[in-house]
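Taking full-length UniProt numbering, the leading residue of the sequence shown gets 1, the next gets one more, and so forth.
Built from N, CA and C at the ideal position, the CB exists for glycine as well.
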Amino acid sequence: MIIKASVLAAQKALSPLSRQAAAEGIVLLKNEHDILPVQASDNLALFGRCQIDTYRSGTGSGGAVNVPYVVTALDGLRANAAIQINESLVSVYEAWLEQNPFDNGGGGWASEPWFQQEMPLDEATVALAARESNKAVIFIGRTAGEDQDNADAAGSYRLTETEIQMLDLVCAQFNDVIVVMNATNIMDMSWMARYSSVKAVLYSWAAGMEGGHALADVISGAVSPSGHLTDTIAYRLEDYPSSANFGRRDRNCYAEDIYVGYRYFETFCPESVMYEFGYGLSYTNFTQELVDVTREGSGVEETLNFAIEVTNIGNRYSGKAVAQLYVEAPQGVLGKPRKVLVGFCKTETLAPASSQRVHIQVNVADLASYDDSGVTGMANCYVLEAGEYAFHLGDSVRRTERLSFCYSLAETALVERCQEALAPVTPFERMKPVYCASSDTYTVNYEAVPQRTISLKARIEKHLPTSYAITGDKGFKLADVKAGRVSMSEFIAQLSLEELATIVRAEGMCSPKVTPGTASAFGGVSNALFHYGIPVAAAADGPSGIRMDSGHKATQVPIGTLLGCTWNEPLNHELYYLIGQEMQANCIDTLLGPGINIHRHPLNGRNFEYFSEDPFLTGMMAAAQTSGLHRAGVSGTMKHFAANDQETARHDADSVMSQRALREVHVKAFEMAVKRGHASTIMTCYNPVNGYWGASNYDLNTTLLRQEWGFTGIVMTDWWAKLNHPIDGGSEDTTSTSYMIRAQNDLYMVVENDGAGKNVVGDDTLDALEKGTLTLGELQRCAMNICRFICHAPVMQRELKAFEPIKRIAAVSESLSGERFDLHSPLMLNTAVNCQGVLHVETAGVYQVVAMMRYDRDSAAQSACSLSLNDEFVMTLPTNGTQNQLVRVEGLAVALEAGFYSLDFDFVKAGAVLEQLEFVAREA
C-alpha cells in the first residue's frame, strides 16, 4: 500500500507531541517515600499482562484507529536507558501470552471484554522476582466504549479475584509496589487502603500509540508528572449523585441538577471523596501566589485579570504546575455549589527555584447562574445574584487558599436575557442546597423543576425561513458563491426538490467517493449535485485519531480523559493542529470529535472520549482542539449534542433535566467551543432530551445553537439515528427526514453508498413538502448550511474531480505463488482472517465485485474487509451486523487486464466472515 509523503510527514510531526501529551496527562495519585521516580540502582519486576497488551484507547468509533506502530508499556520501559527491568519475569509473561492471546471478542461494537484474563501467579514466581528486583510494578487494565457501559462488577469497575490475588502475593514479597492504572475511566480505588506496600499509584489511562514511551518518561523521572484529575474519585460508587438515576432504559431524571461531580461532593459530602477533582502529585513542590488583580470594563461586561506567581520550591526535579482558580458564589435564592472552576493555567517546565508569572482571565458574566423558574424576578435569564464572589487559588478544588480579592454586587444583575428552551415535560424534583451557618455545611433539599410552557408549534412557525422559488439550472457553480459572484440563496434556488432531498443525505460507511474507509461522504454525492460544482466532503471518525477501515494508517493520540488531565490548552491546540495536517494529507474535511459530553457517572463506557465532569474544563479543552483543527484548515465535529451520558439504551433513554442543568452543565462546553473555538460542525446525540430525539430537537439545533449562540455551521446526526416529530414528540423512526430538517439538523448520517440520490425507503422529505408539514425554505436552509460549510472546507481547495466508479488495475504476466482463483466461478473463501491468493484473468474486461458476508452481531455493529490487487488498495467491503445471516455487499467495478493479480484480504475491523467473492463481468 503506497503511503503519501505528506501523510508520513504529518505522522512524524505528531508522534513526539502525542508522547508529550501522554506524559502530561498521567496523574500521580500517591508517592510515599518518593519511590518514584526510579533510581539507577532499582530493578523493576513487572506484573500484569497489560505491560504487553497495553490499552491505547477505548472501544468503538472513538478508538478504532489503524496505527503504524504501538509502543507498549514494556516497549517504553525497555527503551528507557534509566530503567532496569526483570527480563526473566517478562519472559514468563511472554510465554503465557502466547498460549493466552488478547481477546477482542470477535471484533465489532461492544464485543471486546472490559478486561483481559490475568496470568495467575504463584508464591514461588513472585518470591523469585523479589530476590532479583527491589521494586514491583503492577499493571491493571480496563476498557469500555461505544454501546458498552462499565458495570459495578469485578472485571469492570472493580478488581477481579485474580487481580486481588496478584496484589496480595506481590505486596507480601515487595515493600515497594507501584500500581499503574492502564484504564479508560476511573475505577474503584478502595482496595488501596488494604496494601501498605503500595507506595505509588499512577493513572496512565489509555495513552495512544506513544503511551509506553510516555509512561517510561514519568517513571524514570525524565518528566515529572503534571496531570491532574478531571473527575472526583469517591470512596463508593453509590456516593456519586447520579447513581440513583443512571442506567435506566426508559428515562434518566437528572435529579442532581447542576450538582455533578465535585460540585456535589464539595457542597454536600466532602468526606465521601478519596481523591478530589483537580488532584495530582509531582516529583517536586510549588507555591502559588496572587500578585495582582486588574479590572477592565464595568458591570457585567467587566473582566478580571489574575496575575499569579508560580515557583518550584523543590531542589531536585523540574516540573510543570497547574494553577486552578475557583469561585465561591453567594447562595442567593437559586442555590450554588460551594466552589466552581472558573480558570486555570499550566506553567512551562520550571527548574528548581525558578518561577513563572501566569495569567488567568475571568469574565464576570461567566460567573452568572441561569434562572429557569423566575425566582430572582428574571425568568429564563442568566443573572448575577447580589453578594460576595470569593475566589480560591490552588492545585485542586480542595487544596486552595481564599484570595484577598473579592468581587461584590450590591444588587442582583441581569447578564443575558434568553428564552425558555427545552424545558422538561416530565415532572420531577431536583437538588437544592440548604445552608447551615452555625456549622458552615449544606444539606440536600429538593424542589420541583419548572415545566415547559411555550408552544413549539408557534415558535417554529414564527421562525420559518424564506422559501426561494426554484429557478432551475442557471449555470451557477458553488465556486461562484465562494468567489462572491452570486449569493448562496441564488445558487441553492437552482436545485430541484429531488436534488435538495439528496443533499441532506450522506453516504457511508466506507464510501468509495472519498478517502477509503472513512465514515461518510456528503455534499455532491450525486451526479446532479456534482454538476453544480459541489464536491464530495469526507468525515472520519475520531476523536483520538483518524479511523480508516480501509487499513490505511493514522496516528492515535491519547484518549480525551487523559488530554483533559493535562490541563494544558496550548498543548491540546497544537496536537489537534497537527492532527488537522494529517487530515489534510488524507483528504479528510472533518474529524468526528472532540467528544464533549460530561462525565456524569463513572460507569459511562464512553467517558474515555470525553474530558471531564466539569463543563468549564471541558469547554476550554474543546475550544483548544477545535481551534487547532480550524488553524489547520479542517474542522472538528463536536459530539454528542446533548446529554449522551450513558451507552445503555443509548438510542432510547430520555435524558430528563431542567433548563438550568442543561445550560450550565450539559451544553455549556458546546457553547464555549462555538464561541471560542471556531467550531463549525456538530453531531447530535442518539438519545432524546426532554422527549425529543437529538436529531429532531428544534430547541437544541435552532433555538440554542443557532439563534442564541450564533452558530452558522452544519449539524449532522449520529449514524443511523432516530428521529421523532419536532412538535408532537411521540414515537420515533430512522427515516422521517422531514423531522430532522425542520429541527435544522442538516445531514442524515448515513444511507447506503451511492444511495443518497435514489429513493430512500421511508424518507418522507418530498411527501412532507407536498403535505405542507415541511416548507421549501426549511429544506433550502439545510442545503445552504451544507454548502456554506463546504465552501470553507479543504475539499473546495482540491481539484474538482468526478467520482470514477471503475478502478483500473494493471496485471502481471507471470504466475504468482499462492492459492489460485479464476473468474469463472465465485471465490469460495469462508474466512474472517487476513488471507492471500492469486487471481487469474483470462479475458480483460470490467468486473463488478460482489461479496457475500455475514456478521454475528446486531445492526449497530460495524466490520470491514479491504481488498487489494497487486499490492494496490482497491476497495473496502463494509457491513453492519447481520445476526449471522448472509448478505450481499456490492463493491466497486474494476477494469482488469488479462494476466495475474495477487489478492489480499485485510480484515481491518474484525468480526465479519467473507463467505465468497465474485467478479461479475459487465460492460465498460
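So what does residue i bridge to, in DSSP terms?
i: residue 809; result: 896
i: residue 840; result: 822 and 900
i: residue 725; result: 729
i: residue 43; result: According to DSSP, which records beta bridges pairwise, residue 43 is partnered with nothing at all.
i: residue 361; result: 305
i: residue 85; result: 44
i: residue 59; result: 145
i: residue 641; result: 684
i: residue 481; result: BP columns for residue 481 are empty, so no partner.
i: residue 281; result: 28
Here's a check: name, in chain order, each residue in its chain whose Cβ is nearer than 7 Å to the Cβ of residue i, leaving out the five neighbours to either side.
i: residue 17; result: 574, 575 and 578
i: residue 232; result: 261, 262, 265, 273, 276, 277 and 613
i: residue 872; result: 809
i: residue 888; result: 850 and 852
i: residue 133; result: 43, 44, 45 and 86
i: residue 189; result: 233 and 274
Helix or strand or just coil, what does DSSP make of residue i?
i: residue 240; result: coil
i: residue 251; result: strand
i: residue 386; result: coil
i: residue 12; result: helix
i: residue 1; result: Low per-residue confidence applies at residue 1: pLDDT is 49, beneath 50, and the placement is therefore not dependable, though the value from the model is reported in the following sentence. Three-state DSSP puts residue 1 in coil, outside helix and strand.
i: residue 322; result: strand
i: residue 741; result: helix
i: residue 678; result: coil
i: residue 157; result: coil
i: residue 865; result: strand
i: residue 412; result: coil
i: residue 890; result: strand
i: residue 376; result: coil
i: residue 233; result: strand
i: residue 670; result: helix
i: residue 610; result: coil
i: residue 575; result: helix
Check whether the Cβ atoms of residue i and residue j lie closer than 8 Å to each other.
i: residue 880; j: residue 507; result: no
i: residue 655; j: residue 687; result: yes
i: residue 71; j: residue 213; result: yes
i: residue 756; j: residue 526; result: yes
i: residue 669; j: residue 619; result: yes
i: residue 328; j: residue 390; result: yes
i: residue 181; j: residue 204; result: yes
i: residue 900; j: residue 846; result: no
i: residue 128; j: residue 165; result: no
i: residue 330; j: residue 259; result: no
i: residue 178; j: residue 136; result: yes
i: residue 544; j: residue 517; result: no
i: residue 680; j: residue 611; result: no
i: residue 712; j: residue 467; result: no
i: residue 226; j: residue 319; result: yes
i: residue 65; j: residue 547; result: yes
i: residue 783; j: residue 504; result: yes
i: residue 169; j: residue 126; result: yes
Who are the near neighbours of residue i in its chain, counting only those whose CB is closer than 6 Å to its CB and skipping five residues on each side?
i: residue 763; result: 735 and 737
i: residue 675; result: none
i: residue 311; result: 287 and 355
i: residue 321; result: 286, 310 and 347
i: residue 793; result: 537 and 589
i: residue 858; result: 881
i: residue 1; result: Bear in mind that the predicted position of residue 1 carries a pLDDT of just 49, short of 50, making it too unreliable to give a figure here.
Going along the chain, which residues of its own chain have a beta-carbon closer than 8 Å to the beta-carbon of residue i, five neighbours each way excluded?
i: residue 916; result: 826, 827, 828, 829, 830, 851 and 852
Any beta carbon from chain C within less than 8 Å of residue i's own beta carbon?
i: residue 766; result: In the structure shown, chain C does not exist; there is a single protein chain.
Any 3 or more C-beta pairs closer than 8 Å across the stretch 143-154 and the stretch 56-72: Cβ pair count under 8 Å is three or more, so yes.
Does the contact criterion of 3 or more C-beta pairs under 8 Å hold for the stretch 22-30 versus the stretch 543-563? Yes, since at least three Cβ pairs between the stretch 22-30 and the stretch 543-563 fall closer than 8 Å, the two stretches touch.
Is the stretch 698-706 close to the stretch 290-305, with three or more CB pairs under 8 Å? At 8 Å Cβ cutoff, the stretches do not touch.
Would you call the stretch 412-425 and the stretch 228-246 in contact, with 3 or more CB pairs under 8 Å? Contact fails: fewer than three Cβ-Cβ distances are below 8 Å.
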